[in-house]
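Asker: If you read the sequence shown in UniProt numbering, its first letter stands for residue 1, the second for the next number, and so on.
The beta-carbon is built from N, C-alpha and C at its ideal position, and this holds for glycine as well.
Keep in mind the model is a prediction, meaning the values are calculated, not measured.
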Amino acid sequence: MADYNVSVNVVGPLDCNCVIVGNKQTGEAVVVDPGGDVQLILDEAERMNVQIKKIYHTHAHFDHFLATAQLQSATGATTHLHQQDQFLWERLEDQCRLIGLILSSDQIPSPPDTLLLGQEPITLGTTQIGTVLHTPGHSPGSSSYYFPELGIVCTGDTLFRDSIGRTDLWKASFTTLQESVLSKLYTLPDDVKVIPGHGPATTVGREKKYNMFVRDVVDKGVSKLAEGCAGCEALKGLEARL
Ligand SMILES: [Zn+2]
Ligand SMILES: [Zn+2]
Numbered sequence: 001m002a003d004y005n006v007s008v009n010v011v012g013p014l015d016c017n018c019v020i021v022g023n024k025q026t027g028e029a030v031v032v033d034p035g036g037d038v039q040l041i042l043d044e045a046e047r048m049n050v051q052i053k054k055i056y057h058t059h060a061h062f063d064h065f066l067a068t069a070q071l072q073s074a075t076g077a078t079t080h081l082h083q084q085d086q087f088l089w090e091r092l093e094d095q096c097r098l099i100g101l102i103l104s105s106d107q108i109p110s111p112p113d114t115l116l117l118g119q120e121p122i123t124l125g126t127t128q129i130g131t132v133l134h135t136p137g138h139s140p141g142s143s144s145y146y147f148p149e150l151g152i153v154c155t156g157d158t159l160f161r162d163s164i165g166r167t168d169l170w171k172a173s174f175t176t177l178q179e180s181v182l183s184k185l186y187t188l189p190d191d192v193k194v195i196p197g198h199g200p201a202t203t204v205g206r207e208k209k210y211n212m213f214v215r216d217v218v219d220k221g222v223s224k225l226a227e228g229c230a231g232c233e234a235l236k237g238l239e240a241r242l
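Next up, the structure:
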């Protein structure tokens with residue numbers, strides 16, 4: 001799509017992929033997951049000649065919003081998070097303490113401006129550029145952001161190249177994550193580029209073909225996971241290794 005620029009930046013202590021989607025015509029941008037390095041994000045936005053208007057979070061684990069508060073105060077952008085991850089947002093400092101990270105007061109964001117439910121349009125000005133997909137499992141409010149005209153989806157820690165997000169974390173669910181991938185992500189066109197929360201990009205088609213964590217279920221044509229399904233049994237073994 002000629003009117004948009006997409007920039008993927010590896011930021012923060014845990015190498016989070018921070019995505020900037022800029023509209024060349026209006027000079028406005030959406031940022032997904034500012035996980036650290038606020039100056040790097042601001043410099044990139046300046047290079048792209050865009051102003052950051054909105055910050056979307058794929059979920060509220062600390063490594064995806066360490067730069068949120070500073071980015072918000074530098075740009076005045078609004079913050080957007082699924083409502084079911086609000087409990088994690090409220091415990092950002094506790095999350096950071098687990099790895100010995102003490103936040104300065106300017107790193108602690110105020111509550112999200114918008115609490116999402118899923119299916120909302122993502123807009124810049126009056127133009128819809130994307131859609132919110134609620135893809136729970138890694139966390140209850142995990143969401144993916146689909147930009148159809150750009151052919152990209154930002155999947156956070158739900159779907160990685162050859163892997164999926166951990167589900168041994170607070171309020172996470174392996175079966176819920178699988179259902180999210182099957183029903184919300186694997187139903188997108190095969191050539192859609194997947195930009196995960198960490199690591200290299202991939203495509204929907206590639207993951208459908210090679211991602212071990214959900215492939216068995218797809219091969220069997222099972223869209224809903226049933227108790228005792230052979231595919232699920234195989235996957236339970238994988239769950240223990242996550
Ligand atoms: Zn996470
Ligand atoms: Zn992460």
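So, are the CB atoms of residue 120 and residue 159 less than 9 Å apart?
Answerer: no
Asker: Verify the contact flag: residue 18, CB atom, against every heavy atom of ligand 2, threshold strictly below 8 Å.
Answerer: Relative to ligand 2, even the nearest heavy atom lies 8 Å or more away from the CB of residue 18.
Asker: If you reduce the DSSP assignment to three classes, tell me which class residue 285 lands in.
Answerer: Because the chain in this structure spans residues 1 to 242, residue 285 falls outside the shown range and cannot be described.
Asker: Along the chain, which unbroken stretches of the beta strand (DSSP E) at least 3 residues long are found entirely within the segment 2-27?
Answerer: 4-11 and 16-23
Asker: Kindly provide the ranges of any alpha helix (DSSP H) runs that are 4 or more residues long and lie completely inside the segment 171-208, ordered along the chain.
Answerer: 174-180
Asker: Given a threshold of 16 other Cβ atoms within 10 Å of its Cβ, counted over all protein chains shown, does residue 81 qualify as buried or as exposed?
Answerer: The residue in question, residue 81, is buried, as its Cβ has 16 or more Cβ neighbours within 10 Å.
Asker: Using the C-alpha atoms, what's the distance from residue 28 back to residue 99?
Answerer: Straight-line Cα distance between these residues: approximately 35 Å.
Asker: Less than 9 Å between the beta carbons of residue 106 and residue 139, yes or no?
Answerer: no
Asker: Quick check: is any heavy atom of ligand 2 less than 8 Å from the C-beta of residue 197?
Answerer: yes
Asker: May I ask whether a heavy atom of ligand 1 can be found less than 8 Å away from the beta carbon of residue 63?
Answerer: Under cutoff, so the answer is yes.
Asker: So does the segment 13-29 actually touch the segment 123-139, counting three or more Cβ pairs closer than 8 Å?
Answerer: Counting Cβ pairs under 8 Å, three or more are found: they touch.
Asker: Rounded to the nearest angstrom, what separates residue 142 and residue 164 at their Cα positions?
Answerer: 13 Å
Asker: Just checking residue 156 against ligand 1 - is the residue's beta carbon closer than 8 Å to any of the ligand's heavy atoms?
Answerer: yes
Asker: Nearer than 8 Å: is that true of the beta carbon of residue 166 relative to any heavy atom of ligand 3?
Answerer: For the structure depicted, ligand 3 is absent and the ligand set comprises only ligand 1 and ligand 2.
Asker: First and last residue of the alpha helix (DSSP H) that includes residue 86?
Answerer: 86-89
Asker: What does residue 210 pair with, by DSSP beta-bridge criteria?
Answerer: Per DSSP, none; premise fails for residue 210.
Asker: When you compare the CB positions of residue 58 and residue 32, do they come within less than 9 Å of one another, or not?
Answerer: Yes. Within cutoff.
Asker: Determine the direct distance from the alpha carbon of residue 176 to that of residue 214, and round the result to whole angstroms.
Answerer: 12 Å
Asker: Beta carbon of residue 17, beta carbon of residue 9: below 9 Å?
Answerer: yes
Asker: Could you check the C-alpha separation between residue 85 and residue 197 for me, to the nearest Å?
Answerer: 16 Å
Asker: Tell me whether residue 143 counts as near ligand 1, meaning its Cβ is closer than 8 Å to at least one heavy atom of that ligand.
Answerer: no
Asker: By DSSP, does residue 40 sit in helix, in strand, or in coil?
Answerer: In the structure shown, residue 40 sits in a helix (DSSP, three-state: H, G or I).
Asker: Among 90, 203, 54 and 50, whose alpha-carbon lies nearest the alpha-carbon of residue 61?
Answerer: For residue 61, the closest of 90, 203, 54 and 50 by C-alpha to C-alpha distance is 90.
Asker: State the DSSP-derived secondary structure class of residue 119, mapped to helix, strand or coil.
Answerer: Residue 119 falls in the coil class under three-state DSSP.
Asker: Just confirm the distance between the C-beta atoms of residue 243 and residue 195, as a whole number of angstroms; I'd bet it's less than 8 Å.
Answerer: No answer is possible for residue 243: the residues shown for the chain start at 1 and end at 242.
Asker: Please classify residue 112 as buried or exposed, where buried requires at least 16 neighbouring CB atoms within 10 angstroms.
Answerer: buried
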